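S.K.:
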Amino acid sequence: GNHALTYRIVDRIFSQVPRKFTSNVEGKMSYEDFVYFILAEEDKSSEPSLEYWFKCIDLDGNRVITPNEIHFFFEEQLHRMECI
Numbered sequence: 240g241n242h243a244l245t246y247r248i249v250d251r252i253f254s255q256v257p258r259k260f261t262s263n264v265e266g267k268m269s270y271e272d273f274v275y276f277i278l279a280e281e282d283k284s285s286e287p288s289l290e291y292w293f294k295c296i297d298l299d300g301n302r303v304i305t306p307n308e309i310h311f312f313f314e315e316q317l318h319r320m321e322c323i
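Mapping to the working numbering: the sequence shown position 82 is 321, numbers consecutive.
#1: Indicate the three-state DSSP secondary structure (helix, strand or coil) for residue 255 in the structure shown.
#2: Spell out a yes or no on whether the stretch 242-250 and the stretch 298-312 are touching, meaning 3 or more CB-CB pairs, one atom from each, closer than 8 Å.
#3: In this structure, how does DSSP classify residue 269 when only helix, strand and coil are distinguished?
#4: Measuring alpha carbon to alpha carbon, tell me which residue in 276, 315, 306 is nearest residue 258.
#5: Over the uninterrupted alpha helix (DSSP H) stretch that includes residue 311, give me the two end residues.
#6: From residue 316 to residue 296, what does the alpha carbon distance come to, in whole angstroms?
#7: Taking DSSP as the reference, what is the three-state secondary structure of residue 240?
#8: Does DSSP classify residue 302 as helix, strand or coil?
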């Protein structure tokens, strides 16, 4: 199956919400940024990873995830699953 990240999550990552990029180049990750992202993606049980993904989903940054925020991301994933 296609386990790629959704466009909405990629947009959140590149908006630098979960972690500000060190590249100082708009829309581009540095090597350090990429390593941090890969570690967060591969080991979702670590505290830094959990915080990274929580910040991605917490759209308004109030440190609380609402059903609407979950729905925003699930909606795109559901559409992808229906197209399989």
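Just so you know, even glycine gets a beta-carbon here, dropped at the ideal spot from N, CA and C.
These figures come from a predicted structure and were not determined experimentally.
M.R.: Looking at the coordinates:
#1: coil
#2: Under the three-pair Cβ rule at 8 Å, the stretch 242-250 counts as touching the stretch 298-312.
#3: coil
#4: 276
#5: 306-321
#6: 13 Å
#7: With a pLDDT of only 45 at residue 240, under the threshold of 50, the placement of this residue in the model should not be trusted; the figure read from the coordinates follows. Three-state DSSP puts residue 240 in coil, outside helix and strand.
#8: In the structure shown, residue 302 sits in coil (DSSP, three-state: anything other than H, G, I, E or B).
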